[in-house]
Amino acid sequence: MSSSFLRRRSLLHVTGGTALSLGLGAHAGVAGATPVTATVTTTATTEPTSTAAAPQHFAALRARWRELLLGTGFSPTAEPFRSLLADLGRTARAHLDTMAPTDGSLWPDAVWRDPEPDTDAESYAFSAKMNESYNRIGTLAQAWAQPGTGLTGDPAVLRAVLDGLDHLHARIYHETTVRHGNWWNWQIGAPQALMDTCVLVHEHLTAERIAAYCRAVDHFVPDSVFDAYTGTSTGANRVDLCRSVILRSIVGEDGDRIARAVAALDPVFPYVTGGDGFYADGSFIQHRNVPYIGGYGSVLHDGVGRLMALLRSSPWPVASPDAQLFLDTVDNAIAPFVHNGLIMDNVSSRGISRAGTSDHTRAHALLATIVLVGQGASEAENARWRAMVKGWMRRDPYAPPLSNPKLSLARAALLRSLLDDTSVTPAPEPVQHRLFHHMDRATHRRRGWCASVSMASNRIAHYEFGNGEHARGYHTGASWLSWWGDDFGLEQYSDAYWPTVDPYRLPGITASRKPLADGEGGNWGQSMPDAAWVGGTTDGEFGATGQHLVGLSSTMNARKSWFWLDDSVVCLGAGISSTDGHAVETTVDNRALGASEVPALTVDGRTQPDGQGVRRTFENAGWAHIAGHAGYVFPRGLRLGTVREERTGSWRDINTGGPADPLTRRYLTLFTDHGTDPTDGDYAYVLMPGASLRTTARRAADRGRWRILANTGSQQGVHVPHLGLTAVNFWTAGTVGGTGRGAVGRLSADAPASVLVREHRDGTATIVVSDPARRAASLRITWNRRVSSVVSKPPTVTAATTGPALGLTFSGLDRAAGAPQRVRVRLG
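To convert, count from 1 in the sequence shown and add 3; that's the numbering used here.
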């Protein structure tokens with residue numbers, strides 16, 4: 004057997020309510036991979052103490068976990084519960100009818116034993132089948148325990164569950180087995196499914212069975228997994244390992260082990276400053292350098308939320324002094340990436356390549372988790388979150404959570420109860436801009452629409468490829484600009500977008516057409532570009548973001564900026580160069596069209612024919628409009644290419660575990676071709692989500708609405724008079740703007756920086772500055788505007804001068820990790 008059997012993990016759809024029921028995975032250990040260590044800002048580890056507990060404590064915990072697994076307070080004859088229960092019964096019936104125990108399997112299509120597996124992949128596959136077998140037994144147990152399944156209380160089902168547990172224990176999952184294949188199946192997947200089942204049928208288990216199953220879990224999940232917060236024991240993985248041990252200890256009635264596992268949760272709560280975990284700015288990283296709020300972050304929230312709910316009234320509550328930091332992540336990390344019931348794909352990594360899921364379905368379990376976590380939060384937090392979740396649910400006509408057939412009954416019960424609670428008024432989406440400088444993401448929210456940009460740097464990966472998943476995600480970190488309206492565009496990424504879209508033409512990206520191999524960069528390679536200046540600044544409502552873009556396995560190089568405004572996003576690109584021998588394109592947008600949607604495309608007032616496969620080029624376009632979607636203004640003219648096309652692909656093209664059935668979807672793409680091997684290409688366009696044809700034409704004619712101050716490889720900046728806003732990304736030191744009557748006040752920086760200035764009607768102004776490259780030990784910013792006094796400033800401002808111009812000297816920005824520094828002044 005090979006020595007490198009600690010391989011990737013499988014992703015299983017479980018009908019029940021486990022933490023992975025929506026296929027959100029955990030990191031697979033890779034032989035020879037560099038260990039991942041999370042650096043926390045505090046170390047408040049609670050020493051485990053021996054806790055004497057009466058049997059009734061464990062019985063109460065089993066009853067509580069049963070409620071968390073099965074759900075409470077719903078009528079089995081009411082929808083959606085009647086349908087969910089019927090589906091559970093049908094699935095369980097199929098498992099019951101096909102169960103055929105042999106020495107190496109429990110089901111003929113889930114063989115886990117091979118005497119001499121030839122490859123790591125084979126060993127990985129067999130461990131996955133073992134895990135799948137435990138999950139099928141769990142499905143049988145739930146169908147037996149739930150009402151309305153057609154198998155409720157059926158003695159034959161209970162017998163199959165007990166026999167199945169014995170069969171798996173005797174032949175594979177016991178204390179003398181040598182672990183092989185994927186570590187996750189042995190330490191998280193199988194023990195959780197096993198112990199969930201033991202809780203459901205506990206009164207029918209003998210003491211000998213319970214002891215044997217507990218010894219098996221102790222063998223595969225020893226106390227040593229908690230010795231260090233590193234490797235595969237960080238973030239969501241650590242939470243899942245704790246859950247494995249806590250459930251084993253509830254079934255086996257071992258209070259000391261519960262106490263140790265609860266104490267082992269402590270490192271999850273403090274914000275980290277490097278590696279896996281939540282950061283103070285709301286970022287969440289897993290696998291060293293991958294933004295993952297929609298994947299592992301959701302798993303972590305589900306796991307911690309349910310453990311808190313389980314243990315709240317027990318002798319072992321989750322009582323870390325940093326637990327409030329975890330609660331704060333609902334507002335700071337999760338909510339900014341949820342829009343009207345979907346969670347943005349740019350924080351779900353490999354999850355977007357999985358058939359049967361979408362940005363909407365990935366959010367559904369998370370919404371229920373927020374409701375559950377709220378039960379242990381403050382009254383104000385709980386009320387705010389319930390209003391927020393109800394608003395998301397009410398505004399998702401495309402994929403309402405309660406219509407999701409894969410939503411667990413427990414989660415459906417929580418969400419149904421919230422919808423029926425007339426005391427809760429749905430909250431609207433906020434107006435805000437958020438910069439996540441620790442994971443190279445930004446979100447911009449306005450009344451009526453929201454947008455987000457996805458970037459990569461020498462800190463954050465281009466993308467993640469592993470387990471054969473996400474094979475063509477290589478340009479998702481190349482300035483992919485995603486956006487949605489309040490009541491339109493919600494299905495943009497939901498209907499087989501990823502297996503059918505042109506991966507070289509994602510909205511907003513600049514990319515070489517150089518062909519890349521599936522999984523470019525290698526399995527779990529998670530390669531990062533050699534680019535430090537990635538980030539930006541914000542005052543909380545508007546923002547400036549920039550990316551020094553370096554292509555994956557490419558010589559393509561560019562400077563790109565986004566200026567986030569009230570009704571639009573100004574998008575600038577400059578210094579675009581490449582020597583790949585291939586064309587370089589910037590995709591203005593790439594809209595997915597429904598089966599019957601044929602939106603009119605208008606360019607400079609002329610509506611274009613809508614034939615499929617038609618490609619047109621407009622040499623100096625001033626504006627364009629896609630009916631029902633958005634308007635696009637090109638302030639300096641743009642060589643605009645347009646194409647309507649049908650594209651065919653399959654989920655298996657991008658995920659080896661996906662179905663191979665061909666899928667065809669329709670797209671309307673706007674792009675500009677910078678030519679083969681450009682040397683100093685550029686572009687400028689303004690995206691206006693939801694804008695009407697008339698508004699787009701009017702904005703294009705208003706030359707003063709957005710003033711582009713600079714668009715070069717040295718500086719990019721805009722002035723927006725009606726907002727009193729000036730923003731500049733300084734790629735190098737320099738000066739932008741002018742002086743004189745009616746001219747924009749100059750902005751100067753003596754080192755690379757991102758600067759946003761906003762004048763307010765009360766006679767004050769806000770100046771926000773950051774060093775995205777994290778290299779400026781000192782920085783001098785000068786604003787050519789009369790200022791009478793400095794009202795407030797952060798400690799990084801070590802000197803300030805006022806009068807005819809404002810001068811600000813910053814120190815230590817290289818240690819601020821790209822965080823914006825806000826200064827408030829009173830104008831002269």
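Cβ coordinates follow ideal geometry from the N, Cα and C atoms, glycine included.
Alpha helix (DSSP H) segment containing residue i, residue limits
i, result
"residue 750", "Unbroken run through residue 750 is the beta strand (DSSP E), 750–752; no alpha helix (DSSP H)."
"residue 373", "362–377"
"residue 432", "Looking at the DSSP string, residue 432 is not in any alpha helix (DSSP H), and its letter there is neither H nor E."
"residue 834", "No answer is possible for residue 834: the residues shown for the chain start at 4 and end at 831."
"residue 261", "258–266"
"residue 534", "Where residue 534 is concerned, there is no enclosing alpha helix (DSSP H), given that its DSSP letter is neither H nor E."
Span of the beta strand (DSSP E), counted from its first residue to its last, around residue i
i, result
"residue 622", "618–629"
"residue 295", "Taken as a continuous stretch (DSSP letters only), residue 295 belongs to no beta strand (DSSP E), as it is neither H nor E."
"residue 800", "800–804"
"residue 172", "Here residue 172 belongs to no beta strand (DSSP E); instead the alpha helix (DSSP H) covers 158–174."
"residue 692", "684–692"
"residue 462", "Counting along the chain, residue 462 falls outside any beta strand (DSSP E), and DSSP gives it neither H nor E."
"residue 213", "That residue, residue 213, is in no beta strand (DSSP E); its alpha helix (DSSP H) goes 210–223."
Rounded straight-line distance, which links the Cα of residue j to that of residue i
i, j, result
"residue 252", "residue 188", "19 Å"
"residue 639", "residue 688", "8 Å"
"residue 665", "residue 651", "6 Å"
"residue 58", "residue 229", "26 Å"
"residue 379", "residue 322", "11 Å"
"residue 529", "residue 461", "11 Å"
"residue 628", "residue 610", "9 Å"
"residue 41", "residue 270", "Model confidence at residue 41 stands at a pLDDT of 46, short of 50, so the residue's coordinates are unreliable; what they give is reported in the following sentence. Using only the alpha carbons, I get a separation of about 9 Å."
"residue 346", "residue 432", "14 Å"
"residue 165", "residue 204", "8 Å"
"residue 231", "residue 313", "25 Å"
"residue 674", "residue 302", "37 Å"
"residue 588", "residue 438", "26 Å"
"residue 298", "residue 354", "7 Å"
"residue 430", "residue 512", "33 Å"
"residue 794", "residue 830", "10 Å"
"residue 407", "residue 207", "33 Å"
"residue 579", "residue 555", "15 Å"
"residue 799", "residue 316", "45 Å"
"residue 734", "residue 576", "12 Å"
"residue 440", "residue 485", "18 Å"
"residue 272", "residue 264", "14 Å"
"residue 148", "residue 413", "13 Å"
Under the three-state DSSP convention, the category residue i falls into
i, result
"residue 253", "helix"
"residue 100", "helix"
"residue 232", "coil"
"residue 821", "coil"
"residue 854", "There is no way to answer for residue 854, as the model of the chain reaches only from 4 to 831."
"residue 833", "This structure cannot speak to residue 833, because the chain is shown only from 4 to 831."
"residue 391", "helix"
"residue 327", "helix"
"residue 447", "strand"
"residue 757", "strand"
"residue 599", "coil"
"residue 302", "helix"
Outcome for residue i when other beta-carbon atoms lying within 10 angstroms are tallied against a minimum of 16
i, result
"residue 306", "buried"
"residue 606", "buried"
"residue 214", "exposed"
"residue 227", "exposed"
"residue 619", "exposed"
"residue 7", "Unreliable positioning characterises residue 7 in this predicted model, as indicated by a pLDDT of 29, which lies under 50. A coordinate reading is not provided."
"residue 383", "exposed"
"residue 813", "buried"
"residue 615", "exposed"
"residue 151", "buried"
Any chain C beta carbon closer than 8 Å to residue i
i, result
"residue 676", "In the displayed structure, chain C is absent; only one protein chain is listed."
With a threshold of 8 Å, are at least 3 pairs of Cβ atoms found where one atom belongs to the segment 331–338 and the other to the segment 285–294?
Yes, the segment 331–338 is in contact with the segment 285–294.
Are at least three pairs of beta-carbons, each pair with one atom in the segment 443–461 and one in the segment 476–483, less than 8 Å apart?
The answer is yes - the segment 476–483 touches the segment 443–461, with three or more Cβ pairs under 8 Å.
When you compare the segment 409–420 with the segment 370–379, are there three or more beta-carbon pairs, one atom per stretch, that lie closer than 8 Å?
Counting Cβ pairs under 8 Å, three or more are found: they touch.
Between the segment 719–728 and the segment 566–576, do at least 3 Cβ pairs fall closer than 8 Å?
By the Cβ test, the segment 719–728 is in contact with the segment 566–576, since at least three Cβ pairs between them sit closer than 8 Å.
Is the segment 492–503 touching the segment 781–788 in the sense that three or more CB pairs, one from each, lie closer than 8 Å?
Counting Cβ pairs under 8 Å, fewer than three are found: no touch.
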